[in-house]
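The opening residue of the sequence shown carries number 19 in my numbering; numbering runs sequentially from there.
Ideal Cβ positions, reconstructed from N, Cα and C, are used throughout, including at glycine.
Structure record follows, encoded as structure tokens.
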Amino acid sequence: MLRWFQSPATETQITHGQRLWLYVIAVITMVLLVTPTLIVVPMSFSDSQYLEFPPETWSTRWYDHYFGSPEWMLATRTSFKAAFLTMLVATPIGVLAAYGLHCSKIRFVRAAFVLMITPMMVPVVLVAIGAFYAYVQLQILYTITGLVLAHTVLALPLVVIVTGSALKSFDMSQEEAARSLGAPRWKAFLTVTLPQIRFAVVTSALLSFLTSFDEVVVAMFVSGGDNPTLTRNMFNALRDQIDPTIASISTIMILVTTGMMVLAQVFGQQKKSTKPSE
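The following block contains the structure:
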């Protein structure tokens with residue numbers, strides 16, 4: 019153990035002992051983040067009529083109630099559909115926007131970048147109110163189209179930031195070489211640039227999916243009727259009554275979110291393992 023404390027933690031020869039304070043803060047942060055999950059998951063297997071921790075009797079009663087409820091199933095289908103469509107819309111638009119900003123030589127590139135990430139700086143409730151009044155005029159309130167458009171606005175800044183960071187570490191001379199050999203710009207981008215930033219693109223797509231899937235504030239204003247989202251129904255259930263079904267739904271959402279992030283990490287590891295051969 020003493021040897022580990024004295025061994026270098028980085029290339030700058032900073033030892034693990036010198037970074038012990040950082041490890042302690044990281045552990046405390048992880049505990050604070052994970053503890054709510056460790057509480058919600060057991061609660062979802064309780065047989066009680068109320069949220070109970072620790073459960074006195076274990077049961078899958080509330081999972082059966084969730085999967086057997088047409089209302090919850092409709093909301094689940096809406097959430098997955100909206101998240102998938104948001105991913106399909108936000109990812110290509112954000113990637114192309116980041117590529118255009120990276121390659122542009124105009125003076126106002128930085129201002130354009132700030133404009134692209136404005137939805138991250140504006141309170142979400144203001145975005146929701148603005149979308150609500152706009153959708154009333156456009157007659158797309160409580161539709162999948164309106165929900166996807168609103169979620170795309172929220173997801174675009176993440177795609178632009180993640181993809182833009184990847185482009186900054188990419189050697190554009192490779193694409194320029196392909197173009198000098200006669201390849202059109204779109205083909206050079208698809209065959210040279212895109213494969214080398216694919217991890218950032220996949221990560222952006224997953225973040226877009228999760229942004230839509232977990233979003234609740236905008237959904238409270240623009241979803242409903244025949245297209246309620248899962249998060250909207252969960253919020254309404256908490257407001258009207260404490261339904262233990264929410265714990266089972268939360269557990270499923272945790273599994274979905276964790277699975278998406280694991281996929282991103284697995285894809286990144288595959289990229290690292292194949293990089294030397296490229």
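Pick out whichever of the options has its Cα sitting closest to the Cα of residue i.
i: Thr221; options: Ala93, Thr109, Arg125 and Ala206; result: Thr109
i: Pro213; options: Ala184, Phe227 and Val236; result: Ala184
i: Lys186; options: Thr275, Thr170 and Thr211; result: Thr211
i: Ile264; options: Met279, Thr276, Leu273 and Leu248; result: Leu248
i: Leu106; options: Val166, Tyr117, Leu256 and Trp39; result: Val166
i: Met278; options: Thr55, Leu228, Arg203 and Gln67; result: Leu228
i: Ile260; options: Leu69, Ala44 and Val49; result: Leu69
i: Thr170; options: Leu256, Phe102 and Gly86; result: Phe102
i: Thr78; options: Trp90, Asp65, Ser122 and Ile46; result: Asp65
i: Thr55; options: Arg21, Val140 and Leu273; result: Leu273
Going along the chain, which residues of its own chain have a beta-carbon closer than 8 Å to the beta-carbon of residue i, five neighbours each way excluded?
i: Leu225; result: Ala173, Leu176, Val177 and Val180
i: Phe253; result: Val234 and Met238
i: Arg250; result: Ala93, Val234, Ala237, Met238, Ser241 and Gly242
i: Gly14; result: Because the chain is modelled from 19 through 296, residue 14 falls outside the range shown and cannot be assessed.
i: Phe188; result: Thr211, Gln214 and Ile215
i: Val127; result: Leu119
So residue i and residue j are supposed to be a Cβ contact under 8 Å. How far apart are they, rounded?
i: Met134; j: Ala115; result: 6 Å
i: Ala146; j: Ser230; result: Wrong, their Cβ atoms sit about 14 Å apart, outside the cutoff.
i: Thr275; j: Val58; result: Going by Cβ atoms, the distance from Thr275 to Val58 rounds to 13 Å, so no, they are not a contact pair.
i: Ser266; j: Tyr84; result: 5 Å
i: Trp76; j: Pro262; result: That belief does not hold up - the Cβ atoms of Trp76 and Pro262 are roughly 13 Å apart, past 8 Å.
Quick check on residue i: does DSSP put it in helix, strand or coil?
i: Trp90; result: helix
i: Thr33; result: strand
i: Ser64; result: strand
i: Gly242; result: strand
Around the Cβ of residue i, are there at least 16 other Cβ atoms within 10 angstroms (buried) or fewer (exposed)?
i: Phe207; result: buried
i: Ser241; result: buried
i: Asp244; result: exposed
i: Asp82; result: exposed
i: Thr53; result: exposed
i: Met61; result: buried
i: Gly200; result: exposed
i: Thr104; result: buried
i: Gly112; result: buried
i: Thr209; result: exposed
i: Met271; result: buried
i: Trp39; result: exposed
i: Val284; result: exposed
i: Glu193; result: buried
i: Thr1; result: Residue 1 lies beyond the range of the chain shown here (19 to 296); nothing can be said about it.
i: Thr96; result: buried
i: Val219; result: buried
i: Trp204; result: exposed
Closer than 6 Å by C-beta to residue i: which residues in its own chain qualify, once you throw out the five before and the five after it? Chain order, please.
i: Ala195; result: none
i: Val304; result: Nothing about residue 304 can be read from this structure; the chain reaches only from 19 to 296.
i: Ala74; result: In the sequence under discussion, the amino acid at residue 74 is Glu, which differs from the Ala named in the question. So no residue of the chain qualifies.
i: Ala168; result: Ala149, Val236 and Val240
i: Ser295; result: Confidence at Ser295 is low in this model, with a pLDDT of 45, below 50, so the placement of that residue should be treated as unreliable; the coordinate-derived value is given next. Cβ within range, chain order: n/a, list empty.
Counting only the same chain and skipping the five closest in sequence on each side, list residues whose C-beta sits under 7 Å from that of residue i.
i: Ala129; result: none
i: Ile158; result: Gly164
i: Thr161; result: Asn245
i: Ala223; result: Met105 and Thr109
i: Leu256; result: Ile264
i: Phe71; result: Ile57, Pro60 and Met61
i: Lys123; result: none
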